[in-house]
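Scroll down for the structure; my scribbles are underneath it.
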Amino acid sequence: MNKQLYFQKLDALRGIASLYVLLHNLVYGLIGLNLIPSKVKIFFAAGQEAVILFFLLSGFVIYLSFYKKSTITFQEFLIKRFKRIYFILIISLIVSIFVSAFNGNLLQRFSLRELIGNLLFLQDFGRVKPGNIVNPFLGNLPLWSLSYEWWFYMMFFLAYTVLPKNKNRIYFVLTFSAISYIIFMIHPNHLCLISAYFIIWWSGVEAATIFTTYKRFTYSHLQPIFISLILMSFLATVPLLGAEELRLGYYPFLVLRHFFTALLLMFVGWIWYQNKLLLFDKLLGVFAKISPISYALYIFHYPILVQWQLQPYIPNYWLEYSLKFVVLIGLAYLTEIKLQSRIYRWIK
56 MNKQLYFQKL
66 DALRGIASLY
76 VLLHNLVYGL
86 IGLNLIPSKV
96 KIFFAAGQEA
106 VILFFLLSGF
116 VIYLSFYKKS
126 TITFQEFLIK
136 RFKRIYFILI
146 ISLIVSIFVS
156 AFNGNLLQRF
166 SLRELIGNLL
176 FLQDFGRVKP
186 GNIVNPFLGN
196 LPLWSLSYEW
206 WFYMMFFLAY
216 TVLPKNKNRI
226 YFVLTFSAIS
236 YIIFMIHPNH
246 LCLISAYFII
256 WWSGVEAATI
266 FTTYKRFTYS
276 HLQPIFISLI
286 LMSFLATVPL
296 LGAEELRLGY
306 YPFLVLRHFF
316 TALLLMFVGW
326 IWYQNKLLLF
336 DKLLGVFAKI
346 SPISYALYIF
356 HYPILVQWQL
366 QPYIPNYWLE
376 YSLKFVVLIG
386 LAYLTEIKLQ
396 SRIYRWIK
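For what it's worth, my numbering labels the leading residue of the sequence shown as 56, then goes sequentially.
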C-alpha cells in the first residue's frame, strides 16, 4: 500500500471518528426530546471509544510528519503544533461565549479560572474522573481531550529525541505511563492521568514507525504494542477491586474501558489489514471528505448543536437542527479551509 493511499485511509478514519463523536453528543443531547429511537442511541453510545481512535491516529500522523526531519528544534515543533491547535480553539471559546450569551446564562456560567485553564490545556471532564483542575469551558465537553492531545505533543518531542530508536522503545513509555497511573490511583491528578494515557497515543507512534520501517504490519512487529496495552489494561483493573460502585462512563471503569478500547482497535485494525482492508473504501472511504474540517467539527459541534437554545424562536425541531448544521458546517469550513491557512502564513 503506497503512502498516499494510506493517508487517504487515515483521513477516512479521522472523518468517521469526528462524525461519530458529533452524532454521539447530538443523540444523547436529545434524550429528553424523544426524537431518537432507543436502538439508534445504543449504536451511538461509543463516543469515548471514538476519542481513543483519535489518539491513536494522532500519534500515527504526528510521527509521519516528523520522522524525516532530523534537525527540527523544539521551538519549530511547538510553533507548528500551536498554529494547528490554538486558532480553532480560540474560535471555539468565542462560539461558547456567544451561545451562552444567547441563552442568557453567560454571567452565571462564566469562570475566568476555567477560561485560563482551557487556554493552558488543563481542562478535563471532571464529572467522571477525579483529580480535575478545570472543566471544559462553558460546558463544551469535547474540549476535555484537547488538553490530552496538547501534552501528548509535548511529551512526544522529549520521548522521541531521548529514547533509543528500536522496537523496545515502547517499554520505556509503558513504564512511564504505568508509574503515572499508580501515582494517580494513590493521589488523583490531571498530569498523571495524561501521562498514563500517553501509552495509548504512543501506540500510534509505534504503528507509524513500523509502517515506515517495514512497509507492512505483522504480529511480530505489533507485539510490543499489544503487550503494552494489555499490561495497562490489567493495571487499570486494580482500582476496580475496591470500588463501591462501577459505572461504565465513570472512573475507575472508564480508564479500563479506554485502555481496552485502544487494544481492541489495534487488534481489529491488524486483522483488517491482514485481510487487505476488505471493503474499507466502500464502507469508510467517503468519510475522508470530512477530514479537512474534522478538528473544527469536533470542538464546535457541542455548543452549536447541543447547547444553543433556538427552540423559543424555531418551534420545529427538524428546522432548528437543520439550521444548526448549516451554521456548524459553514463555520468549520470557514475556519479550517479559509482562515487556518492565513494563520500558517502569519505565524512563522
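Every residue, glycine too, gets a C-beta built ideally from N, C-alpha and C.
Please read all numbers here as calculations on a predicted model, not as lab measurements.
### Query
Contact between the segment 329-338 and the segment 297-310: three or more CB pairs below 8 Å?
no
### Task
May I have the straight-line CA-CA distance separating residue 367 from residue 158, to the nearest angstrom?
Taking the first residue of the sequence shown as 1, we reach residue 367 at position 312. Taking the first residue of the sequence shown as 1, we reach residue 158 at position 103. Their backbone Cα atoms lie some 10 Å apart in a straight line.
### Neighbour-count burial assignment, residue 257, 16 or more Cβ in a 10 Å radius
Here residue 257 refers to the residue found at position 202 when the sequence shown is read from its first residue. Looking at its Cβ environment, which holds 16 or more other Cβ atoms inside 10 Å, residue 257 is buried.
### Query
Excluding sequence positions up to five away, which residues of its chain have a Cβ less than 8 Å from the Cβ of residue 328?
On the sequence shown, residue 328 is found 273 positions in, with the first residue counted as 1. Same-chain partners within the cutoff: 272.
### Message
For residue 195, which residues in the same chain have their Cβ closer than 6 Å to its Cβ, ignoring the five residues on either side in sequence?
### Response
Mapped onto the sequence shown, residue 195 falls at position 140. Counting only Cβ-Cβ distances below 6 Å, and skipping sequence neighbours, we find 151, 357, 358.
### Message
Measuring only the C-alpha atoms, how far is residue 181 from residue 249?
### Response
As a first step, residue 181 must be located in the sequence shown, where it is residue number 126. As a first step, residue 249 must be located in the sequence shown, where it is residue number 194. Approximately 13 Å between the Cα atoms of the pair.
### Query
How many Å lie between residue 227 and residue 213 at the Cα?
Position 172 of the sequence shown, counted from the start, is the residue given in the question as residue 227. Position 158 of the sequence shown, counted from the start, is the residue given in the question as residue 213. Whole-angstrom Cα-Cα distance: 12 Å.
#### Entry: residue 135, enclosing alpha helix (DSSP H) - first and last residue
Within the sequence shown, the letter at position 80 stands for residue 135. Start and end: 129-158.
### Query
Is DSSP giving residue 189 helix, strand or coil here?
Residue numbering aside, residue 189 sits at position 134 when the sequence shown is read from its first letter. Strand.
### Task
Kindly indicate which three-state DSSP category residue 178 falls into: helix, strand or coil?
As a working note, residue 178 is residue 123 in the sequence shown. Strand.
### Message
If you measure between the beta carbons of residue 383 and residue 355, is that distance less than 7 Å?
### Response
Taking the first residue of the sequence shown as position 1, residue 383 is located at position 328. Taking the first residue of the sequence shown as position 1, residue 355 is located at position 300. Yes, Cβ-Cβ distance for residue 383 and residue 355 is below 7 Å.
### Query
Assuming residue 313 and residue 107 make a contact with CB atoms under 8 Å, what is their CB distance in whole Å?
Taking the first residue of the sequence shown as position 1, residue 313 is located at position 258. Taking the first residue of the sequence shown as position 1, residue 107 is located at position 52. Their Cβ separation, rounded to whole angstroms, is 6 Å, which keeps residue 313 and residue 107 in contact under 8 Å.
### Query
Comparing alpha-carbon positions, which option in 251, 324, 302 lies nearest residue 277?
Residue 277 sits at position 222 when you count from the first residue of the sequence shown. Of the candidates 251, 324, 302, the one whose C-alpha sits nearest the C-alpha of residue 277 is 324.
### Query
Count the other CB atoms within 10 Å of the CB of residue 333; is the residue buried (16 or more) or exposed (fewer)?
Residue mapping note: residue 333 aligns to position 278 of the sequence shown, counting from 1. By the 10 Å Cβ count, residue 333 comes out exposed.
#### Entry: Burial state of residue 56 (16 or more Cβ within 10 Å)
Numbered from 1 along the sequence shown, position 1 holds the residue referred to as residue 56. Confidence in residue 56 is poor, its pLDDT being 49 and thus under 50, which makes the residue's placement unreliable; the coordinate value appears in the next sentence. The residue in question, residue 56, is exposed, as its Cβ has fewer than 16 Cβ neighbours within 10 Å.
#### Entry: Range covered by the alpha helix (DSSP H) that runs through residue 366
For the purposes of this step, residue 366 is taken as the residue at position 311 of the sequence shown. That residue, residue 366, is in no alpha helix (DSSP H); it is neither H nor E in DSSP.
### Task
Quick one: grab the DSSP three-state call for residue 101.
Locating residue 101 in the sequence shown gives position 46, where the first residue counts as 1. Coil.
### DSSP three-state assignment for residue 298, whether helix, strand or coil
Residue mapping note: residue 298 aligns to position 243 of the sequence shown, counting from 1. Coil, per DSSP.
#### Entry: For residue 230, the three-state DSSP class (helix, strand or coil)
Position 175 of the sequence shown holds residue 230. It is helical.
### Query
Excluding sequence positions up to five away, which residues of its chain have a Cβ less than 7 Å from the Cβ of residue 76?
To locate residue 76, count along the sequence shown from 1; it is residue 21. Within the same chain, residue 76 has close Cβ partners 102, 105, 106, 197, 353.
#### Entry: Beta-carbon gap between residue 410 and residue 398 smaller than 7 Å
Outside the displayed span of the chain (56 to 403) sits residue 410, for which this structure offers no information.
### Query
Anyone know if the C-beta pair for residue 78 and residue 99 falls short of 7 Å?
Counting from one through the sequence shown, the residue named residue 78 turns up at place 23. Counting from one through the sequence shown, the residue named residue 99 turns up at place 44. Yes, the Cβ-Cβ distance between residue 78 and residue 99 is below 7 Å.
### Query
By a C-beta neighbour count over all protein chains shown, 10 Å radius and 16 as the cutoff for buried, is residue 130 buried or exposed?
What you label residue 130 is simply residue 75 of the sequence shown in a count that begins at 1. So residue 130 ends up on the exposed side.
### Query
Rounded C-beta distance between residue 155 and residue 148? I'm assuming under 8 Å.
Taking the sequence shown and counting its residues from 1, the one referred to as residue 155 is at position 100. Taking the sequence shown and counting its residues from 1, the one referred to as residue 148 is at position 93. The Cβ separation is near 11 Å, so there is no contact.
### Task
State the DSSP-derived secondary structure class of residue 211, mapped to helix, strand or coil.
Counting from 1 along the sequence shown, the entry for residue 211 is found at position 156. Three-state DSSP puts residue 211 in a helix.
### Query
residue 243 to residue 318, Cα distance in whole Å?
As a first step, residue 243 is located in the sequence shown; it is residue number 188 there, counting from the start. As a first step, residue 318 is located in the sequence shown; it is residue number 263 there, counting from the start. For residue 243 and residue 318, the distance between alpha carbons rounds to 24 Å.
### Message
At the 7 Å Cβ level, is residue 182 part of the contact set with chain C, yes or no?
### Response
The structure shown has no chain C; it contains just one protein chain.
### Message
Between which two residues does the alpha helix (DSSP H) holding residue 375 run?
### Response
Taking the sequence shown and counting its residues from 1, one reaches residue 375 at position 320. Here the alpha helix (DSSP H) through residue 375 covers 372-388.
#### Entry: Where residue 90 falls, given that 16 or more other Cβ within 10 Å makes a residue buried
The residue given as residue 90 occupies position 35 in the sequence shown. By the neighbour-count rule (16 or more Cβ atoms within 10 Å), residue 90 is not buried but exposed.
#### Entry: Span separating the alpha-carbon of residue 292 from that of residue 307
The residue you call residue 292 lines up with position 237 of the sequence shown. The residue you call residue 307 lines up with position 252 of the sequence shown. Taking the straight line joining both Cα atoms gives about 8 Å.
### Query
Is residue 263 near residue 115, with beta carbons less than 7 Å apart?
Translated into positions along the sequence shown, residue 263 becomes position 208. Translated into positions along the sequence shown, residue 115 becomes position 60. In contact: residue 263 and residue 115 (Cβ atoms closer than 7 Å).
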